[in-house]
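Going letter by letter, the sequence shown gives residues 78 to 485 in the numbering used here.
In this text, a Cβ means the ideal position worked out from N, Cα and C, and glycines have one as well.
Keep in mind it's a predicted model, so treat the numbers as computed, not measured.
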Amino acid sequence: MPQLTIDIGGRPGIDCRGFCEYCYFRRVKGVHAFGCRHCPPFTVGCAYCTKSVQERYPGFKDLQAVAEDTLASLQLMSGEISRVTISGGGDPSCYPKFRELIEISASMEAPLHIGYTSGKGFDDPAIAQFLIDQGLREISFTVFSVNPSLRRQYMHDPTPEVSLHVLERLCEEVEVYAAAVVLPGVNDREELLRTAEWLEEKGAKGLILMRFANTREQGLILDNAPIRKGQRVHSVEEFRDLVTLMHERFRIKISGTPLWDPEIGSPFVIREEKELLDCLPRIQRRATVITGTIAAPFLRGILDQCGGGCQVLPVEKEIACLITREDLEGIDLSCLGKTVILPGRAFVHDREAEKILTADGCNREVVRGPDTLTADAETSMGMTRAGVLDLEMEQIAALIRIINRYGE
Ligand code: SF4
């Protein structure tokens with residue numbers, strides 16, 4: 078059944094009452110075009126890898142434009158709408174005509190979902206009942222901490238008590254998925270335990286912990302590292318242990334991004350399913366598969382169990398989808414085979430990738446793999462283990478087919 082997304086536009090930091098201290102869009106000055114899979118063959122840069130990736134919109138769309146765009150999208154759809162999602166670069170709670178926006182969205186008579194809000198724009202406690210009455214079904218709410226002074230200081234929330242009151246009331250009636258970027262020494266340890274305890278007690282469905290990133294290798298690709306000078310960052314292992322500990326301690330679902338979902342066992346939960354791995358196509362050719370440092374050991378193990386013979390090569394970037402041309406420039410080309418497979422979403426133009434990866438004069442075929450091979454915690458939050466396994470089966474099979482088609 079079709080799903081409708083209502084895009085309200087808006088700019089991170091600006092259309093959300095100022096930048097949170099940890100916002101990944103902080104200090105972005107204007108970035109060159111990355112290049113990506115959507116670019117035309119001879120042009121580096123398209124709307125996706127220039128504007129969308131930086132969420133560079135002119136500001137919130139006015140209500141009339143939102144209504145007209147929604148109507149235009151509706152006209153392209155047939156059948157009953159299964160879900161309406163409000164999203165944008167700015168924060169919906171800060172949308173100037175928020176109540177009218179919700180009324181328009183609710184008039185579709187489909188389950189209403191607010192894709193992301195920090196709640197910083199909620200200054201009136203009555204907004205919670207209004208949202209419930211309008212049929213809000215699900216909301217992703219960045220809590221950061223249930224300590225109002227931490228919300229005030231790090232999110233610049235002018236009315237943290239009200240935001241938390243709204244969150245509390247929504248937890249009682251609506252499916253609330255809370256999120257917190259974890260800043261070691263700020264909202265971790267006792268503060269984090271208190272936050273999870275509070276969310277569990279109030280009835281939230283889940284809490285996603287987001288590891289703070291402060292360097293290019295950790296994923297800041299907008300030339301804005303460091304976001305917080307001197308801020309300690311969890312190592313990937315430390316963060317994974319923190320997520321495990323929180324998962325063991327609480328009944329609500331707790332998962333982490335860029336990894337891990339302990340309830341499901343993802344990313345790459347398929348590694349534990351020998352029978353499913355045996356159902357995947359066998360690898361018949363060889364290729365070098367480029368990926369990030371987090372995915373590499375998982376992927377290597379899986380491909381080895383499907384016939385092996387492929388090299389999985391991590392670049393200096395933790396998350397494969399955030400690989401840029403600089404990461405490819407750091408590769409020792411003598412390690413590469415004749416066929417190189419890039420992550421589908423890597424932010425590199427196809428022609429530039431080929432130029433960089435053949436700079437030693439050796440002819441190589443450079444192709445893109447699937448967009449995603451597994452589900453990160455933001456994706457797996459609403460999924461079952463079977464759903465994640467289906468996705469991984471399908472995508473890893475697609476990768477193997479690409480290896481068998483283009484490999485040597
Ligand atoms: S609310 Fe979200 S987008 Fe806005 S500044 Fe904070 S982290 Fe950035």
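First through last residue of the alpha helix (DSSP H) which encompasses Phe175:
175-183
According to DSSP, what are the bridge partners of Arg288?
Val259
In terms of alpha-carbon separation, which member of Thr401, Phe375, Gly262, Val258 lies closest to Gly122?
Thr401
Residues sharing a beta bridge with Asp234, DSSP
In the DSSP output, where bridge partners are listed per residue, Asp234 has none listed.
State the Cα-Cα distance for the pair Leu299 and Met232, rounded to the nearest angstrom.
21 Å
Touching or not, the stretch 426-439 and the stretch 106-120, by the rule of three or more beta carbon pairs under 8 Å?
yes
Drop a sphere of 10 angstroms on the beta-carbon of Gly86, count the other beta-carbons inside from all chains shown, and report buried for 16 or more, exposed for fewer.
buried
Could you check whether the stretch 125-144 touches the stretch 264-277, counting it as contact only if at least three pairs of C-beta atoms, one from each stretch, sit closer than 8 Å?
no
Expressed to the nearest angstrom, what Euclidean distance is found between the alpha-carbon atoms of Pro169 and Ile83?
11 Å
Should Asp168 be listed as close to ligand 1, given that the test is whether its C-beta is under 6 Å from any heavy atom?
yes
Can you tell which of Tyr101, Trp337, Phe137 has the C-alpha that lies nearest to the C-alpha of Thr456?
Trp337
Kindly confirm or deny that the stretch 173-184 and the stretch 132-145 touch, where touching means at least three C-beta pairs closer than 8 Å.
yes
Length of the line joining the Cα atoms of Leu399 and Leu241:
33 Å
In three-state terms, what does DSSP make of Arg377?
helix
So Val251 packs on Phe221, CB below 8 Å; how close in whole Å?
Not quite, the Cβ-Cβ distance comes to about 19 Å (not below 8 Å), so this is no contact.
Are the beta-carbon atoms of Leu354 and Gln382 separated by less than 7 Å?
yes
Check whether the stretch 442-450 touches the stretch 407-423, taking contact to mean three or more Cβ pairs, one atom from each stretch, closer than 8 Å.
yes
Expected contact under 8 Å - CB spacing of Phe316 and Gly333 to nearest Å:
6 Å
Inspect the CB distances between the stretch 176-191 and the stretch 143-153 and report whether three or more fall short of 8 Å.
yes
Mind listing, in chain order, the continuous alpha helix (DSSP H) runs of no fewer than 4 residues lying wholly within the stretch 299-365?
313-326, 351-356
To the nearest angstrom, report how far apart Ile216 and Asp409 are at their CA atoms.
45 Å
With 16 other CB atoms within 10 Å as the buried threshold, where does Ala372 fall?
buried
Quick one: is Arg326 buried, meaning 16 or more other Cβ sit within 10 Å of its Cβ, or exposed?
exposed
Check: Phe175 C-beta below 6 Å from any heavy atom of ligand 1
no
Under 6 Å: does the beta carbon of Phe96 sit that close to some heavy atom of ligand 1?
yes
Answer yes if the stretch 466-483 comes into contact with the stretch 305-313, meaning at least three C-beta pairs across the two stretches below 8 Å, and no otherwise.
no
Are there any heavy atoms of ligand 2 lying less than 6 Å away from the beta-carbon of Gly90, as far as the coordinates show?
Only ligand 1 can be found as ligands here, which leaves ligand 2 out of the picture.
Mark Gln472 as exposed unless 16 or more other C-beta atoms lie within 10 angstroms of its C-beta, in which case mark it buried.
buried
Which one of Leu208, Leu213, Asp201, Ala256 has the shortest CA to CA distance from Thr236?
Asp201
Sequence ranges, alpha helix (DSSP H) only - wholly within the stretch 150-222, length at least 4:
175-183, 204-210
Let me check one thing: in DSSP terms, what residues is Gly384 bridge-paired to?
Partner(s): none; Gly384 has no beta bridge.
Could you pull the DSSP bridge partners for Arg445 from this structure?
Leu419
Buried or exposed for Thr461, going by 16 or more other Cβ atoms inside 10 Å?
exposed
Measure the C-alpha to C-alpha separation of Pro89 and Gln388 and round it to an integer number of angstroms.
39 Å
On a CA-only basis, which of Ser343, Ser159, Leu286, Thr435 is nearest Met470? Give me that one, please.
Ser343
Let me know the secondary structure DSSP gives Pro135 once reduced to three states.
coil
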